[in-house]
Amino acid sequence: MSPRIDPRQMKRMMKQLGVQTEEIEGVEEVRMLTSGKEYIFRKPEVTMTVVQGQKTFQLVGEPEIVEREDAVPDEDIKLVMEQTGADYEEAKKALEENDREPAEAIIAIMSNR
C-alpha cells in the first residue's frame, strides 16, 4: 500500500523543487497541424508546467482528426527541392501556384532562373 501524500504537502514540495503548475482556464479550442492532418480539440483541459524556466503544456481531450486538403505533401516539396536546388519555402510556393503538380512547379522554378 502506497502512502498518501497530502495535496498541500505535494504543492509545497513541488514549489521547493521549482516546479510550477497552472491550469489554463477557459480554453475553447486547441489545433495542431501536421503536414497532412489537423487535430482539433474542443473544450480541452490544458495545464502548463514550468520547470527551470521550460514550459510544458499538457492537453487532455478527444480530438477531431481532419485530413488537410490544402496540404502540400512533403515528398513533393522534397522532390522539387532536389530537382531545382530551391529551398523549402520556394518549392512549396511553386507547388501551391501550380496546382500541386511537381513537374509544373519544377518547370516554373527553372524558367525563372
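If you're matching positions, the sequence shown starts at -3 in my numbering and goes up one per residue. Ideal Cβ positions, reconstructed from N, Cα and C, are used throughout, including at glycine.
* State buried or exposed for Ala90, treating a residue as buried only when at least 16 other CB atoms are found within 10 Å of its CB. => Here residue 90 is taken as the residue at index 94 of the sequence shown, counted from 1. Counting Cβ neighbours within 10 Å, Ala90 comes out buried, since at least 16 surround it.
* **Glu18: CB within 7 angstroms of a non-hydrogen atom of the ligand NAP** => This structure lacks the ligand NAP; in fact it carries no ligand of any kind.
* Along the alpha helix (DSSP H) that carries Thr80, what are the first and last residues, could you check? => To locate residue 80, count along the sequence shown from 1; it is residue 84. Note, Thr80: alpha helix (DSSP H), Asp70 to Thr80.
* Just grab the DSSP bridge partners of Arg38 for me. => The residue labelled residue 38 in the question sits at position 42 within the sequence shown. DSSP output for Arg38 lists Glu25 as bridge partner(s).
* Segment contact flag, the stretch 52 to 63 with the stretch 77 to 90, C-beta cutoff 8 angstroms, min 3 pairs -> no
* Asked: Would you call the CB atoms of Lys39 and Glu21 closer than 8 angstroms?
  -> As a working note, residue 39 is residue 43 in the sequence shown. As a working note, residue 21 is residue 25 in the sequence shown. No, the pair does not count as a contact, with Cβ atoms beyond the cut-off.
* Under the rule that 16 or more other beta-carbon atoms within 10 Å means buried, what is Ala82, buried or exposed? -> Against the sequence shown, residue 82 aligns to sequence position 86. Counting Cβ neighbours within 10 Å, Ala82 comes out buried, since at least 16 surround it.
* Take every Cβ of the stretch 64 to 75, pair it with every Cβ of the stretch 37 to 51, and state whether three or more of those distances are shorter than 8 angstroms. => no
* Delimiting residues of the alpha helix (DSSP H) encompassing Gln12 -> The residue labelled residue 12 in the question sits at position 16 within the sequence shown. Gln12 -> alpha helix (DSSP H) spans Pro3 to Gln12.
* Asked: What do you get for Ala99, buried or exposed, if any count of 16 or more other CB atoms within 10 angstroms of its CB means buried?
  -> Indexing the sequence shown from 1 puts residue 99 at position 103. By the neighbour-count rule (16 or more Cβ atoms within 10 Å), Ala99 is not buried but exposed.
* Asked: Out of curiosity, what's the CA-to-CA distance linking Met44 and Arg0?
  -> Here residue 44 corresponds to residue number 48 of the sequence shown, with the count starting at 1. Here residue 0 corresponds to residue number 4 of the sequence shown, with the count starting at 1. Between Met44 and Arg0, the C-alpha separation is close to 24 angstroms.
* To do: Report the three-state DSSP secondary structure of Glu65 (helix, strand or coil).
  => On the sequence shown, position 69 is the one that residue 65 refers to. Here Glu65 sits in coil by DSSP.
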